[in-house]
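Okay, structure first, notes after.
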């Protein structure tokens, strides 16, 4: 597990993440994500589904339009207001994923996509709350940023050099997130009462795209959301042609609540 730092405080991180994004672009990107097929294959129909902390709500929109009974909760009221302004009847609510407004064993599935890694003290409380609200046998769809090979050898050392330089200029350094390998993700879920079913890479399907490169290197951004410029496309295509794990932005794990109903 790698602890990642940034020059932005928590408020600035949230504004940077979503202020320039459009809901329409986020929803359109869902069709390009590898996890889309995993959702469509494994999400239970006819069961209540919750996404805990979902940014601009792309998957709530995407999956809701395909007949899934899905709701979303997020702590950021500004994001909720944007979603309500965009589509007033969206089932999105402000709240705390460490204190969910659901009774025990009431949900068929819980989705957590790139959320729990932001708890500097660990995600145990949020994970336990997700376990509480799931029915016995309920499914956890879980992703966190991946400490992939490219990040470990190239991106993380470059980030550390950059942060040292910024700190020497007087900038404060703040916690951003944790990044994990596959083994650590499975151990995290097992340690919180879940039985891993499958693990997979989490990124865009087109090989010339890379969520990992997009997140780590703004110099490689193209003119459209999540699109890379020429050098970025070449790097992504080369690395992704070798293995989808080399640049994968995240680790996905599907797990089952292992608690037996009494």
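Residue numbers (my numbering): 17 to 278.
Beta carbons are placed, not taken as given, at the ideal position from N, Cα and C, and that holds for glycine.
What you are looking at is a predicted structure, and each value in this text was computed from that prediction instead of being measured.
Scanning its chain for C-beta atoms nearer than 6 Å, with the 5 sequence neighbours on each side dropped, one finds around residue 41 the residues 241, in chain order. Cα atoms of residue 196 and residue 215: separation of roughly 13 Å, rounded to the nearest angstrom.
Residue burial is scored here from C-beta neighbours: residue 93 has fewer than 16 other C-beta atoms within 10 angstroms and is therefore classed as exposed. Rounded to whole angstroms, the gap between the alpha carbons of residue 78 and residue 154 is 21 Å. Proximity of the stretch 246-255 to the stretch 44-59 falls short of the contact definition, fewer than three beta-carbon pairs being nearer than 8 Å. Given a length threshold of 3 residues, each whole run of the beta strand (DSSP E) inside the stretch 153-235 is given here in chain order: 190-195, 210-218. Membership of residue 129 in the beta strand (DSSP E) is indicated by the continuous run 123-129. For residue 22, same chain residues with a beta-carbon under 7 Å away, outside a window of 5 residues either side, are 29, 190, 192 in chain order. Per DSSP, the continuous alpha helix (DSSP H) segment holding residue 41 begins and ends at 39-46.
In its chain, beyond the 5 residues on either side, 65, 79, 84, 125, 155, 157 have a beta carbon closer than 8 Å to the beta carbon of residue 59. Using a C-beta cut-off of 8 Å, the stretch 107-125 makes no contact with the stretch 199-206, since fewer than three inter-stretch Cβ pairs fall below that distance. By the criterion of a C-beta distance shorter than 7 Å, residue 43 is surrounded in its chain by 74, 77, 78, once the five residues flanking it on both sides are discounted.
The DSSP assignment places 65-68, 86-90, 108-110 as complete runs of the beta strand (DSSP E) inside the stretch 38-115, in order along the chain (cut-off: 3 residues).
Here DSSP, grouped into helix, strand and coil, assigns residue 270 to strand. As the crow flies, the alpha-carbon of residue 103 is around 16 Å from that of residue 82.
Looking at 19, 87, 72, 141, the one whose alpha-carbon comes closest to that of residue 97 is 72.
Look at residue 262 here: in three-state DSSP terms it is coil, with no helix or strand label.
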